[in-house]
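Encoded as structure tokens, the structure appears first; notes follow it.
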Amino acid sequence: MLSKMVIPQMQALGSGVIINIASQLGHVAIKGAVPYCTTKGGILQFTRALALDHAEDGIRVVALSPGAVLTPRLTEIYGTAEEAEKALKTAYPLGRLGEAEDIAKAALFLASDAASFITGTDLLVDGGYSAQ
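Those letters in the sequence shown? Residues 286 to 417, by the working numbering.
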């Protein structure tokens, strides 16, 4: 648990941000993914509890929940990037899969001073999937 290692340094500084990576599947379930959905839901609850424990230390704890992101692993599963996009994009109201840059920009926001009043919650970056 990396949080356990960085919290003392953040406490000494009086501030810090921990971003836990969860998933849209921590909010909604799909068939055949019990272990994955369960662990991602656990990350969300861990985020909330840790945020409460360390808010008075000036440490913010948030989660980031991506939807399907076009990665080498997803391409490997579907054979090509085009096949992955074709198979999955209709499930997303924005009509496309996420890209690594989408997740990176969300993480940068959460780590920034622009998000200084955000803690104990989750940012879904899933192209509207969880809104359905």
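Glycine is no exception: its CB is placed at the ideal position from the N, C-alpha and C atoms.
The structure presented is a predicted model; accordingly, all values stated were derived computationally and were not measured.
| Check | Outcome |
| --- | --- |
| Within a Cβ cutoff of 7 Å, which residues of the same chain sit near Glu-368, ignoring the five residues on either side of it in sequence? | none |
| Have a look at Glu-384, Gly-327, Glu-361 and flag the residue whose alpha-carbon is nearest the alpha-carbon of Leu-355. | Glu-384 |
| Taking the C-alpha atoms as reference points, what is the distance between Gly-343 and Gln-296? | 7 Å |
| Taking Cβ to Cβ, would you say Pro-351 is nearer than 7 Å to Val-410? | yes |
| Going by DSSP in three states, Val-319 sits in which element: helix, strand or coil? | helix |
| Going by DSSP in three states, Val-313 sits in which element: helix, strand or coil? | coil |
| Suppose you measure from the CA of Ala-314 to the CA of Gly-301; what does that come to, to the nearest Å? | 32 Å |
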